[in-house]
Every structure is written in C-alpha cells, then in structure tokens.
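Colleague: In the working numbering, the protein residues as written are 612 to 847. In this text, a Cβ means the ideal position worked out from N, Cα and C, and glycines have one as well. Here the structure is a predicted model, which means the values were calculated and not measured.
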Amino acid sequence: MLEVGHLSVRYGAVEALTDVSLSIAAGETVALLGANGAGKTTLLRTLSGLVNPVSGAMTVAAKNIAALSAESRVQMGLVHVPERRRIFGGLTVEENLKVAASAWAGLNADISPDLKGVYAFLPRLDERRDQRGWSLSGGEQQMLAIGRALMARPKVLLLDEPSLGLAPKIALDVFARIADIASRGVTVLVVEQNTALALKVATRGYVLETGRIVAAGTSAALLSDPKVREAYLGRS
Numbered sequence: 612m613l614e615v616g617h618l619s620v621r622y623g624a625v626e627a628l629t630d631v632s633l634s635i636a637a638g639e640t641v642a643l644l645g646a647n648g649a650g651k652t653t654l655l656r657t658l659s660g661l662v663n664p665v666s667g668a669m670t671v672a673a674k675n676i677a678a679l680s681a682e683s684r685v686q687m688g689l690v691h692v693p694e695r696r697r698i699f700g701g702l703t704v705e706e707n708l709k710v711a712a713s714a715w716a717g718l719n720a721d722i723s724p725d726l727k728g729v730y731a732f733l734p735r736l737d738e739r740r741d742q743r744g745w746s747l748s749g750g751e752q753q754m755l756a757i758g759r760a761l762m763a764r765p766k767v768l769l770l771d772e773p774s775l776g777l778a779p780k781i782a783l784d785v786f787a788r789i790a791d792i793a794s795r796g797v798t799v800l801v802v803e804q805n806t807a808l809a810l811k812v813a814t815r816g817y818v819l820e821t822g823r824i825v826a827a828g829t830s831a832a833l834l835s836d837p838k839v840r841e842a843y844l845g846r847s
C-alpha cells in the first residue's frame, strides 16, 4: 500500500533523510522509531507533501505521489495526524470534524453517516461536540485529531507521536483506538518515541538514526534486540 524507495531530504546543506526505503502492506501497522532529530517527522511530512525530497520514490497503492500536492494526497486517502495534534482551537469539535470531510465531500454531500461513525468510535467527542478545541484536555485533543483524520476517509494513516504529552493511561487508550482503526483495514505508519507502546500495536518496525534506517524487523524481533532495548527501553 505504501512504498518508499531511496528517499533523501535536505534542509539546506543538512541531509535530514538519506536513502530511506520502507514498505507497508495494505492493512498493516508499522512503527517508525528513533530519537529526537532522527528524521521521523521529516519522513511523515515528506510523505504528506509538506516537504519536497531531493531524490527517491513514493507510491501509494502503486501510484506515484511525488508530483501530487498535499491536498491531492489527502483526497486519495493519505492522511497525516501531525505532532501536537494541530486542531483548530477556535472551532468546536464538530466543526473540526466537518472541515476534514472537505477532502472528499462536495458542498451538498451528506456527511452525517461519517460523523455518526466517528462519534460512535470516539464517544468522548460526542459528549464534547459543541466545545471549542482549545477547551479540551490533551487526550481529548488527540482523539479529536484522530477523529478528524477518520473524517477524511483514510486508506493510509500517518500518526506523529500520538502519545506525546499524555498521561500513561490516556496514551494506552489512544493506542487502543489506533489498533481498532487498523483492524478496520486502514494502513498505519506510526511515529512514536514510546517504543514498547508502539510495538504492541505494530506488526513490524523500522528504526531511524540520523536520517538512515539502521534496523528493521518484526515487533518481537525489535523488542528482543539488545541494541534497541538499550537505546529505547533503557535496558541492556
């Protein structure tokens, strides 16, 4: 469903990604791991069309997306939930959700079934539908960011640090929702510094270090890898 081949990205003279290649099958959940500054967010922003690569290939369902605008990528089902949620704080929960439906819905489209589905999947949003985004808790804002992504009808969902700033219990709830989304057949690429949490929902993972893929394997293999455990789990 998602293929990246020999992707390189530069910010001026600084090479943020170097020869990065990865693949994700339809309906698979894959974790992208690494320390701050490793290039994880840059990879997601490049996939979603916010950053231009200097070389390499990107395809979704075998379609080359390199020349497509960010808007066109969303319309074809590649949806990005950015780090720190980036919801519209001045809009209500329901207004945030309705904005996202514009990716596929015309002016007279009936989006009520999609809203109903999101509210059923994330009932806290139903309870908060008339509240402004800024008034929500951190966990509720993350749920809203995920709900907004679902309103865009994603085929491939890119999630950047969904547990950032959340209490452990709330983070577990967020990742339970991510697992539910994947069970519906959505392909998921999740960037996360909480390695153990990410690998609980992912089938496989890649590890980025200074812009390069330095390890890849099944979740079980990565969790048992001494180097990965020492670097990301604090254990030798």
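Express the C-alpha separation of V825 and V839 in angstroms, rounding to a whole number.
Modeller: About 10 Å.
Colleague: Roughly how far, in whole angstroms, is the beta-carbon of G667 from the beta-carbon of N707, given that I think they are within contact range, below 8 Å?
Modeller: The Cβ separation is near 33 Å, so there is no contact.
Colleague: For a quick check, are the C-beta atoms of V785 and Q753 less than 7 Å apart?
Modeller: Yes, Cβ-Cβ distance for V785 and Q753 is below 7 Å.
Colleague: Rounded to whole angstroms, what is the Cα-Cα separation between L644 and V662?
Modeller: Rounded to whole angstroms, L644 to V662 spans 20 Å at the Cα level.
Colleague: Skipping 5 residues on each side, what residues in its chain have a beta carbon closer than 6 Å to that of S835?
Modeller: Correct list: empty, nothing qualifies.
Colleague: Quick check on I722: does DSSP put it in helix, strand or coil?
Modeller: Three-state result, I722: coil.
Colleague: In its own chain, which residues sit with a C-beta less than 7 Å from the C-beta of E772, not counting the 5 before and 5 after it?
Modeller: Once the five neighbours on either side are set aside, the close Cβ partners of E772 are E694, V802, E803 and Q804.
Colleague: Taking only three categories from DSSP, how would you classify G700?
Modeller: Coil at G700, not helix or strand.
Colleague: Could you give the distance in angstroms between the alpha-carbon of T821 and the alpha-carbon of A637?
Modeller: Their backbone Cα atoms lie some 28 Å apart in a straight line.
Colleague: For L618, write down the residues that DSSP places opposite it in a beta bridge.
Modeller: For L618, which the question treats as bridged, DSSP gives the partners V631.
Colleague: In this structure, does DSSP put E626 in helix, strand or coil?
Modeller: Correct three-state label for E626: strand.
Colleague: Taking its Cβ as the centre, do 16 or more other Cβ atoms sit within 10 Å of H617, making it buried, or is it exposed?
Modeller: Per the 10 Å Cβ criterion, exposed.
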